[in-house]
Structure formats: C-alpha cells, structure tokens
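Reviewing the structure listed below.
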Amino acid sequence: MSKLKEFKVRIDSVKKTRKMTQAMKMVAAAKFKRASEKAIKFRSYQSHFEDLVKLVQKSDIDLPILKKNSSKNPLNIAIVISSDRGLCGGFNSNVLKFAFNKLNGNTKTDLYIYGRKAIQFFKTKPWPIQKKEEGFTGRLTLENIKKELEPLVDKYIAGEINSIKIYYNEFGTALSSKLMEKQILPIENSDTDSVNLEKDDFFLEPSPEAISKKVVNEYLVNTLYSAFLESNAAEQGARMAAMDSATNNAGEMIQALTLLYNRQRQAIITTELSEIVAGGEALLQ
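Reminder that position 231 of the sequence shown reads as 231 in this note's numbering, one-by-one numbering, no gaps.
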C-alpha cells in the first residue's frame, strides 16, 4: 500500500505543477499579445524614419553624426538585451551565446547590459561592464531610451568610441525569434535610390540642418527602442511556448503515473484475492 501512496503523492504533485504552468501560459499569452502588437506597430513607424534618414543621407546636408568616425580609438560599445526572469526556453541562452561569439576576440569592447540573465552571464567574461540594468523593460519609454543613448552618441561624435551595436532577439512568431546584431552607429549607408523626393516638394523650418539632425537623432532612439520592444515580444512568446510544452509534458507524466498506479493497485488486488482463495481452500481441507 505504501507504493500506492507514493504514486498518489507524485500524481498530485504533478497536477499542481500543471496548474501552475497553465496559469503562467495564460499570463504569458496575454502579455505576448500586447507586446507583439506594439512591436509590429512600431516597425511600421520606424520604417518611415528609415526613409527619412535615407533622404538626409542623399542630401548635401553636413551632419557630424553621419560622418565616418576618423578617430583611431578602437573602442566599441555592445548593448546586450536579455530578460530578467527565466522559464522561457532557450530565449536567454541563445542570445547570450550569440553575443559572446560575436564579441569573442575583440577586447576593445565595453558592455551595456540590460536584463538579469545577461548580467549573470557576462560578469565572469573579460569585457568591462560599463552599465547594467534590471527591470528596464518595465520602465521602457522613448524618453528613458533617449537618456540611455544620448551619452553614447555624444561620445561617438567626439571620437571616443568607434561603433555601437545591439544584440537581441527579434520577434518572429510565438514559436520563433531571430538573433540580431544591429549597428546603431555608424549609420550604415542605405539604398538611397529607393527614395526620390525633390527639394521643392516641401518646406523645412527652422532649417534643413535642424530638421535633419532631429530626424537622425529620433531614428537612433527609435532603433534602440524597437530592439527592446522586439526582445520583450520574443520573450513572452518563448515563455508562452515553454509553459505550453511544460503543461503538455505534465499531462503525459500524469497519464503515465496513473497507468503505473492502476497496474500496482491491480497487482495488489490480485495478490489479495489469491491469498483469500488459498486461505479458503486450506479451510476446506
């Protein structure tokens, strides 16, 4: 009977776990819906800024931010985005290994890390961590992104750093994401032939230079903001998929344990019946 009790305890334990994973899946599904809608809508917004930047690149407007950094300073900035919590499959391990492999061999890199998992991963690695933030996704606004990025942009213009790159998961579907290495600065030369607007098509006030500077700065902020949106959507999708898989696995385990429980119970009943029959035959003799 002790064996039956052991099976019963295990079945009850797995059932409780399944309830937890089901609840976590539902929460992740709700968060995923909101996060994915926001990321997709912002993609469209950002694409228009990309077209505006192409126009600025195509023009004869002279902006320091668009110039190739002539400094011999080899220092690069790597911004790595992970999650604060686990239980999201390979979401964190994949992007962290991806970033590590990309940075491996480049000692002249400073890290700006967002997410507890990335902080834990890179604290033992050879690159200096200039900034680390937990819970930044919960404070994600364009204004906060601007505060994070402005000092780096100023250093780039001053020739103190050579490049700024972001490493993150780009949302694809609930079941898939794409590992991304995106360069913020220097701004890569775009296909300017895809846009064709004449100077006489619109008026620029207060001046073409001021408007162009504003456009480029907004584009840089939007690029980093978009990376956080994409990462958050990918995280929620990965967590939803992981909890769905865990729920299904728990269901299969419950079925397997229930089958073992019933077999054990049947064996005990068969043994007891055999003993009763044997005892009855002994009394008749």
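Don't be surprised by glycine CBs; every beta carbon is placed ideally from N, CA and C.
Item: Identity of the residue in Leu220, Asn76, Gly105 nearest Gly159 by Cα; Value: Asn76
Item: Cα-Cα separation between Glu235 and Tyr225, rounded to whole angstroms; Value: 15 Å
Item: Rounded C-alpha distance that separates Thr17 from Asn249; Value: 11 Å
Item: Beta carbon of Phe228 nearer than 9 Å to that of Ile81; Value: yes
Item: Cβ-Cβ distance between Thr137 and Asn222 below 9 Å; Value: no
Item: 9 Å Cβ cutoff met for Tyr290 and Leu111; Value: The structure shown does not extend to residue 290, since the chain is modelled only from 1 through 285, so no value can be given for it.
Item: Endpoints, beta strand (DSSP E) assigned at Ala78; Value: 76-81
Item: Which residues DSSP lists as bridging Thr109, in chain order; Value: Asn76
Item: Nearest candidate by alpha-carbon position, reference Lys182, set Ser212, Glu230, Ser44; Value: Glu230
Item: Cβ pair Lys3, Gln264 closer than 9 Å; Value: yes
Item: Nearest-angstrom Cα separation, counted from Lys8 out to Ser47; Value: 57 Å
Item: Cβ pair count under 8 Å reaching 3, the segment 106-121 against the segment 48-60; Value: no
Item: Backbone CA spacing between Lys125 and Ala267 [nearest angstrom]; Value: 57 Å
Item: Backbone CA spacing between Ala242 and Arg85 [nearest angstrom]; Value: 13 Å
Item: Spatial distance of Pro64 from Asn94 (CA atoms); Value: 36 Å
Item: With 16 other Cβ atoms within 10 Å as the buried cut-off, status of Ile269; Value: exposed
Item: Boundaries of the alpha helix (DSSP H) in which Ile161 is found, first to last residue; Value: Per DSSP, Ile161 belongs to no alpha helix (DSSP H) and is neither H nor E.
Item: C-beta contact flag for Glu209 and Ile61 at 9 Å; Value: yes
Item: Glu218 versus Ala35: straight-line alpha-carbon distance, rounded; Value: 22 Å
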